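J.: If you're matching positions, the sequence shown starts at 47 in our numbering and goes up one per residue.
Here a beta-carbon is modelled for each residue, glycine too, at the ideal position from N, C-alpha and C.
As the structure is a computational prediction, the values presented were derived from the model and not from experiment.
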Amino acid sequence: SENADNYLWNFGPLGGSLVTNPSITVPTPMTLNVTLTAENNYHCIDSVMKEINVYTEPFLDFSIADSRGCSPLAVLFENASFGVNQYSWDFGDGGSSQEVEPLHVFQQAGIYPVTLYANADSVCFDTLRFDNLVQVLQSPTANFSYEELTDTTINPNGIIRFFDLSLNTNKWRWDFGDGDSSNLRNPVHRFEENGPKTVTLIVTNGSGCPNTLSMQITPELFGSLYIPNALSPDAGDPGHRYFKPMGAGLQEFEISVFASNGERVWYSDKLDRGMPAEYWDGTFNGEPVPQGLYWWKGRGRYVNNRMWEGMSYEGKAPVREGKVMLLR
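1) Spatial neighbours of N275 within its chain, please: CB distance less than 7 Å, with the 5 preceding and 5 following residues excluded, ordered by chain position.
2) Between K290, F176, F222, which lies nearest to Y163 when the distance is taken from Cα to Cα?
3) In the DSSP assignment, the alpha helix (DSSP H) including P284 goes from what residue to what residue?
4) Counting pairs of beta carbons, one from the segment 329-336 and one from the segment 282-297, are three or more of them closer than 8 Å?
5) In angstroms with no decimal places, state the Cα-to-Cα distance between N79 and C90.
6) Compute the distance between the beta-carbons of N189 and L211, then report whether it is under 8 Å.
7) Can you give me the Cβ contacts of P104 inside the same chain, cut-off strictly under 6 Å, excluding the 5 residues immediately before and after it?
8) Strictly by DSSP, which residues pair up with D136?
9) Following a CB-centred definition, is D139 positioned closer than 7 Å to any heavy atom of the ligand GTP?
10) At which residues does the beta strand (DSSP E) containing W55 begin and terminate?
11) Taking 8 Å as the cut-off, decide whether the C-beta atoms of R319 and E238 are in contact.
12) Can you give me the C-alpha to C-alpha distance between L64 and V94, rounded to a whole angstrom?
13) Suppose you measure from the CA of R347 to the CA of G115; what does that come to, to the nearest Å?
14) Residues in the same chain with beta-carbon distance under 6 Å from T83, minus the five sequence neighbours each way, listed in chain order, please.
15) Which of the three DSSP states, helix, strand or coil, is assigned to P73?
16) For P256, name the three-state secondary structure that DSSP assigns.
17) What residue from D280, F123, P148 has the CA that sits closest to L373's CA?
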């Protein structure tokens, strides 16, 4: 005011004052109509009224359920602030948000501060910062390759060697998509059925962080058939008690065993998922046959219509018949 000697302030419900420059405390948010009346020594009077808006002081608070986890780590920020209608988040990793309760994904390993900036109607401002709030652990990277082992003089067809190419890992779990699994780093697995398989590798590192990679592989159409040359029904090892052809990828199969007099003592043509399903236990019509030399004769056709060439002994040409020794 100018040329005034006396002042009268009217603060509405908060009273008044005769002080030139008074100060008051407004206990709650409200709109005040403040009137100032000024008078000089000549009793000349003038007045002015102004509206003053008093806002709630912003209160900032927020929390997160998980402050530590593996990358990428998704964190939901639960906002407990009030008296605020505009928010700005700084997540410390270059990311930001203006949402009330944002969900932010921390992609890289590290320790991050989080800052919340808030204002009420662009008048009242406040800031809340938590240092070292979020710890993101480095996750491993799952990766692998594979090769088919097609040299049947060393391995039967259908065998695949897997190579782990993962980073930052010390545990492996393979699911071969056929019911079998392995915890080896570089396993070798035999698929007993043709067709595509989804192979999944789950890796874990020292922090307990996992990562998964699934890959569909289609082994080259394969088939194999192996005929044993001996059995011992009284042997302790179950693997030696029976004459059981082993194979895979077959669509047709039959085998016969003959005694030295030419009488057929056993025959089978049954397959289970492309594998021979039956075995000879050294009996004929339910009775044990004598110890001695017997003969087998067989044939097979694979699912790709290729005929089985036969058994190869000592590098000689494959044959579809051979000897089987029965020991008692």
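T.: So, from the listed chains and residues:
1) G368, K369, V370, M371
2) F176
3) 284-287
4) no
5) 23 Å
6) yes
7) G129, V130, A164, A166, C170, D172
8) S142, T161
9) Looking for the ligand GTP in the displayed structure turns up nothing, as the structure carries no ligands at all.
10) 52-56
11) yes
12) 15 Å
13) 55 Å
14) L54, S93
15) coil
16) strand
17) D280
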